[in-house]
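FYI, my numbering numbers position 24 of the sequence shown as 541, with every residue one higher than the one before it. For every residue, glycine included, the Cβ atom is placed at its ideal position computed from N, Cα and C. Every value quoted in this text rests on a predicted model; they were computed, and no experiment measured them. Everything on this sheet refers to the single structure shown next.
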Amino acid sequence: MKTADNTMRRMAALMVVLCATIPLLAATPSDLLDKAVDLFREGKYQQAQEALLEIDREQLPAERRDQRDELMEEITTAVNQSGEAAQDLEDALAAQARKDLNAAEKRFQEVIDNKYASDAQKRKAAEGLALVKKQRDLAGKIQVPQTATRPAGTAASRPADAFRKAREERARIEAALKIKAGEDAAAKGQYDLAEQHFEEALKLVPNHPAAIHGLQLIKQHRSVEGKPNLIDETANRALLRWTRTVSLYQQSEGEIRGLINDRKYDEARRRVADAGQLLDAGRLDASPPSEYEALRRELDGLGQMIDVEEKDVIEEKAIKDRKITLEIERERERRVGREKMERIGELFNQAEQLKRQKEYEMSAELLREAMAIDPTYERAKWQLEAMEDAGLIDEQVRNRELFLNKMQDALLEADQAKAPRVTGKNDEIFAFPDEERWRLISSRDPYGVDGAGGETEGDRLARKALDTPLPADIQFPQGTTLRQAIDRLKEAGKITINVNWSALGMVGIDPDGTEVGDLSVGGVKLETALEMVLDMAGGTVGDIELGFDVLEGIILVSTTEDLNRKTEVRVYDVRDLLLRIRSLSVDENMGGMGMMGMGGMGMMGMGGMGM
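Given below as structure tokens:
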């Protein structure tokens, strides 16, 4: 029956938990946290803990994660203290049942002092304390403080009188009970037992009239009936032994229940075994015999109760340990997930940096490493595909450039094969004009006739400034930034220098963060100093190639890739250099060779290539 009751209680508790959990499943983590807080404030600590365990900590906002952790610690303490309050209340009731008033008072007070105890528990504890006080009043155990120096008087004697009256009243009540028991025993012919009750009543209340009268009646009955026979005497002794056996069993039962409440199950089993031996020893004295069977069944029920209670405690502890283990495992998984995401984030940043540097293969390798950490990461997957495509396109561009260069070399070799060879250093063609041609060349505008080459006056001034040496005191000490160096060169060269900061920022160059190192450029050309500054700035962020160009009298500074996109076409007049090439013999002078070379392949190639 006990097992069935426990099963029904568990099923009812499970239904309550399910009903409380179903609405929580549809709530957000913040709603679940608010619900747990409300349950905690209502004193429903177990439900609050279960609601809190359903919350995924990583889905909470950052400002509420600390609140969740603090609430978890508080609820754990509350659950433990609430369980202790329930156990203290049970222990107090058990101690009160076996008249251990000091232990009962201590346990009741602990329940009242426990801030996590429910109102019902505290109310029962208060009622228990009041009952303990009444029991002490009846037992005459009230401790009255005595002051040795205080003289005896009316005020000092009042507590003593109250104590004496209470003790006398209790003695009269117990004496009346003994007299009633003696009269009942006498009516059944149990004169020895009746005599014993009357004598105990006289010990409680000396000269009690009813007790004296009872003893006199016993003497009269014995004088009339004579001494009881042997059968009655044996039956009376058996009854006394059985009564003592029952009394000892009841005492053992109370102690066993106390041990169960204290969760001392092994000791409780030993006491059950001792109580069983006690009942078996007095089995023949049982009157009626069915009373022995009833007590034996009750004792067996206590043994089963021990097993059920111990099983429940073990299951409760296992569930609690499992929840703690699950929480630890979830925390470990969250920590591993955070570490994975941090590592993947680092790999993505490095891959993006390599992508800007056009190191597509190295960038793809980092993305493959990110995919190995988390194969389900879709962003890494499509980013890897894009990087592989970019690497393939870059390789195709390089192959095309190589192909075009080789084709150009082949065409040049074919053109050279058509023209006569002139011996020179490194198998190059050298040609020297004659005196008349030298005069014509020296008087020609180097940038084309009447500006036909497209170079403006501003461009010529800018190039002249670039060719001008800087003052000897121009230096860039350690810590000079790129912006400071450019401003110093503009001031020293008295020329406009425009920097494409956005293009430099795309390759990782910060004008106010990138340093050009310790440079001494005094006495060098402005063009050389500018090249040194740009080389130092590009080298600090990964060998980025920077350059400059002249446009409309302004020096433009940017990346080489950006400058190459701005192709400028210039046309030069080379008609005065075009001559018909005539055949030469080996013993002809170098002047003829010079005219042939100048009018032939050499200068034509330079003009055609835009030099």
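The alpha-carbon separation between V628 and W759 amounts to approximately 39 angstroms. In this structure, the beta-carbon distance from V1033 to A1054 falls below 7 angstroms.
Counting the other Cβ atoms within 10 Å of the Cβ of I1003 gives 16 or more, which makes it buried.
Between T1057 and T1076, the C-beta gap is not smaller than 7 angstroms, which leaves the two residues out of contact. By the neighbour-count definition (other C-beta atoms within 10 Å, threshold 16), H714 is a buried residue.
For L1073, the closest of G1022, I1012, E772, R915 by C-alpha to C-alpha distance is I1012. Under the rule that a run must span 4 or more residues, the alpha helix (DSSP H) segments found entirely inside the region 990 to 1044 read 999 to 1010, 1018 to 1023. Rounded to whole angstroms, the gap between the alpha carbons of V853 and L577 is 18 angstroms.
The three-state secondary structure of P726, taken from DSSP, is helix.
As a beta-bridge residue in DSSP terms, S1075 pairs with G1064. By the criterion of a C-beta distance shorter than 8 angstroms, G771 is surrounded in its chain by A611, A614, R615, once the five residues flanking it on both sides are discounted.
DSSP places D817 in the uninterrupted alpha helix (DSSP H) bounded by 806 to 873. If you ignore the 5 residues before and after M904, its C-beta comes within less than 8 angstroms of the C-beta of A868, K872, Y877, S880, A881, L884, all in its own chain and listed in chain order. Counted as a single uninterrupted DSSP element, the stretch harbouring A634 is not any alpha helix (DSSP H), since DSSP gives it neither H nor E. Per DSSP, reduced to three states, the secondary structure at P986 is strand. For Q598, the enclosing alpha helix (DSSP H) covers residues 579 to 614. Remark: three or more beta-carbon pairs, one from each stretch, lie closer than 8 angstroms, so the region 693 to 700 and the region 716 to 730 are flagged as touching. When rounded, the separation of the alpha-carbon atoms in S769 and L801 is 20 angstroms.
Nearest to A688 by C-alpha distance, out of A703, N724, G1064, A702, is N724.
Counting C-beta atoms within 10 angstroms of its own C-beta, G775 has 16 or more neighbours from the protein chains shown and is therefore classed as buried. Spanning the alpha carbons of E1008 and G1022 requires a straight line of approximately 24 angstroms. When the beta-carbon positions are compared, A621 and A609 come within less than 7 angstroms of each other. Distance from the Cα of E567 is smallest, within the candidate group E575, A579, E580, T593, for T593. In this structure, Y708 lies away from I690, with their beta-carbon atoms at least 7 angstroms apart. A Cβ-Cβ distance of about 6 angstroms is found for the pair F1065 and L1047, placing them in contact under the 8 angstroms criterion. Note on V1050: 16 or more other CB atoms within 10 angstroms of its CB, so buried under the neighbour-count rule. Between the alpha carbons of L618 and L646 lies a distance of about 9 angstroms. In this model, E826 and G793 are separated by some 20 angstroms (Cα to Cα). Shortest Cα-Cα distance from R581 to any of T545, E902, P892, P988 involves T545. If you ignore the 5 residues before and after I1071, its C-beta comes within less than 6 angstroms of the C-beta of T1013, N1015, all in its own chain and listed in chain order. D605 counts as buried, since no fewer than 16 other beta carbons sit within 10 angstroms of its beta carbon. Remark: C-beta atoms of N631 and Q598 approach each other more closely than 7 angstroms. Sequence-distant partners of P994 (beyond 5 residues in either direction) whose C-beta falls short of 8 angstroms from its own C-beta, in its chain, are D1035.
Closest by C-alpha distance to R780, out of D551, I831, V914, E575, is I831.
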